[in-house]
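Here is the structure we will look at.
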Amino acid sequence: MRAEDATTFPIPDEDKLVIPEYMKRILAEITAQARLSSEINQRSGVSVRVSIANFETALSNSVRRSIINGEEWACPRVSDLSYIVASFAGKIELETFEEGRESRVTDELTRRSVLRVFGAMFDLDELEDVIMAFDLGGLAVTGSDHPAAEYPEMVAAIDGLSAAVTKLTEGDRRPEVVAAAAEFVLEGLHLSRRLNCDRSGDGYRYSR
Numbered sequence: 001m002r003a004e005d006a007t008t009f010p011i012p013d014e015d016k017l018v019i020p021e022y023m024k025r026i027l028a029e030i031t032a033q034a035r036l037s038s039e040i041n042q043r044s045g046v047s048v049r050v051s052i053a054n055f056e057t058a059l060s061n062s063v064r065r066s067i068i069n070g071e072e073w074a075c076p077r078v079s080d081l082s083y084i085v086a087s088f089a090g091k092i093e094l095e096t097f098e099e100g101r102e103s104r105v106t107d108e109l110t111r112r113s114v115l116r117v118f119g120a121m122f123d124l125d126e127l128e129d130v131i132m133a134f135d136l137g138g139l140a141v142t143g144s145d146h147p148a149a150e151y152p153e154m155v156a157a158i159d160g161l162s163a164a165v166t167k168l169t170e171g172d173r174r175p176e177v178v179a180a181a182a183e184f185v186l187e188g189l190h191l192s193r194r195l196n197c198d199r200s201g202d203g204y205r206y207s208r
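In structure tokens, the structure reads:
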């Protein structure tokens, strides 16, 4: 799916949206990081419109997924952030122009923001069981198009991951919520250099 397509889905009623606190913090952090980035022309500034557009893009992609997969709830995940390059387009000015540079800068801002929020919410020591499970051959496959129903079984199969997910969900067992939490933990461990991640299209394959 093209990134711009993620913005064409209507936002549903609020009672069908679940927006995790860590996703709100990540999206806010992306804007904060953009305002500090030497890659972005700060004379042009990074307006609040960027935050709003990124938020809407992440939500829209979660809605798209819920419609396609027939899911009851729309819950944005870390994998949905790959689409915000479309909402950045035209709202920031880079210091230098180069084909594909906007996408690379957006990706770097996103990675940095996910890592900062992850580091504020988890100690790596408390995730040693998860890391060890991957040392013993554990594997996890995620992606923005993966149905939420696939995630609870994956979480249960990896020692320690269920506890980490529960810390984020506070016991909420809705598959959509579990899926978002699992992706955040796995990507956080990858960005912390504890897991490898192979990306192919919209998919992420985590291993050691």
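In UniProt numbering, the protein residues as written are 1 to 208. Think of the CB as a built atom: it goes at the ideal place given N, C-alpha and C, for glycine as much as any other residue. Computed from a prediction, not measured in an experiment: that's the story for all the values here.
How big is the Cα-Cα spacing for residue i and residue j?
i, j, result
"Leu109", "Asp80", "14 Å"
"Ser87", "Asn54", "6 Å"
"Phe122", "Glu102", "30 Å"
"Tyr22", "Leu59", "14 Å"
"Gln33", "Glu56", "19 Å"
"Leu124", "Arg193", "11 Å"
"Arg208", "Ala157", "16 Å"
"Ala163", "Trp73", "22 Å"
"Arg112", "Ile30", "8 Å"
"Ile19", "Arg35", "24 Å"
"Leu17", "Ala140", "25 Å"
"Tyr206", "Leu168", "20 Å"
"Val63", "Ser82", "15 Å"
"Ala149", "Arg104", "31 Å"
"Asp5", "Ser38", "Note on Asp5: pLDDT 40, under 50, position unreliable in the model; no value is reported."
"Asn61", "Pro76", "7 Å"
"Gly171", "Ile52", "29 Å"
"Ala120", "Ser200", "28 Å"
"Val48", "Asp135", "42 Å"
"Glu71", "Arg173", "14 Å"
By Cβ distance below 7 Å, which residues in the same chain neighbour residue i in space, the five residues on each side in sequence not counted?
i, result
"Asp129", "Asp159 and Gly160"
"Val114", "Ile26, Val78, Glu187, Gly188 and Leu191"
"Val155", "Leu161, Ser162, Val165, Val178 and Ala182"
"Tyr151", "Pro175, Val178, Ala179 and Ala182"
"Leu127", "Gly160, Ala164 and Leu189"
"Asp198", "Arg205"
Nearest to residue i by alpha carbon, out of the options?
i, options, result
"Asn196", "Ser60, Ala28, Gly137 and Ala74", "Gly137"
"Thr142", "Glu153, Met132, Ala133 and Asp135", "Glu153"
"Asp24", "Val78, Ala140 and Ala34", "Note that residue 24 corresponds to Lys in the displayed sequence, not to Asp. Among Val78, Ala140 and Ala34, the Cα nearest to that of Lys24 belongs to Val78."
"Val50", "Val117, Ala28 and Arg65", "Ala28"
"Phe118", "Phe184, Arg104 and Val63", "Phe184"
Skipping 5 residues on each side, what residues in its chain have a beta carbon closer than 6 Å to that of residue i?
i, result
"Pro147", "Asn69"
"Asp145", "Asp202"
"Ser66", "Ala74"
"Arg116", "Glu29"
Can you check DSSP and say which residues form a bridge with residue i?
i, result
"Asp198", "Arg205"
"Gly137", "Paired residue(s): none; Gly137 is not in a bridge."
"Thr142", "Tyr204"
"Leu17", "Ala74"
I'd like to know whether the C-beta atoms of residue i and residue j end up nearer to each other than 8 Å.
i, j, result
"Ile84", "Thr106", "yes"
Residues in its own chain within less than 8 Å of residue i by CB, not counting five upstream and five downstream?
i, result
"residue 212", "This structure cannot speak to residue 212, because the chain is shown only from 1 to 208."
Would you check whether the ligand SAM has a heavy atom nearer than 7 Å to the C-beta of residue i?
i, result
"Arg65", "Of the ligands one can find in the structure shown there are none, so the ligand SAM has no counterpart to examine."
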